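Undergrad: Quick note: the sequence shown, position 7, residue 6 per numbering that gives the first Met the number 0, numbers continuous.
Glycine is no exception: its CB is placed at the ideal position from the N, C-alpha and C atoms.
All figures in this text were calculated on a predicted structure; none of them were measured in a lab.
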Amino acid sequence: MIPAGLKAGSAGIKMLRTLYKGKVKLKKGTKKAADYLGIKGHAKTSSFVSGVGKKSQAGYRKAKSLAREYPKSAAALTGAIAWDMFDDE
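1) Please report the Cβ distance between LEU36 and VAL48, rounded to the nearest whole angstrom; I am assuming they are in contact, meaning their Cβ atoms lie under 8 Å.
2) For my contact list, LYS26 and GLY52 are in at a C-beta cut-off of 8 Å; report their separation, rounded to the angstrom.
3) Take LEU18 as the anchor and find which of SER45, LEU65, LYS31, PHE85 has the nearest alpha-carbon.
4) According to DSSP, is TYR59 helix, strand or coil?
5) In this structure, how does DSSP classify ASP86 when only helix, strand and coil are distinguished?
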């Protein structure tokens, strides 16, 4: 049987991997959108979209550091979100 603390830590690491994949996709998407808007002549909107990409990067770093500092809490939060998504009631 795997101790609960060990299991919670591995769930936190899986969450970090998922966050990284999402960060990469978000960064690529915002870069494409900003480039497209810049070409079309929407400079301020393009700047806003680039800012969103930068803020998401800062949020990712903060979430990563918190998940590493509190792996059990991160696992519990992930479980609560999953439970809420899959609960039929």
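TA: To lay it out plainly:
1) Yes, LEU36 and VAL48 are in contact; Cβ-Cβ is about 6 Å, under 8 Å.
2) 6 Å
3) LEU65
4) Of the three classes helix, strand and coil, the one that applies to TYR59 here is helix, per DSSP.
5) coil
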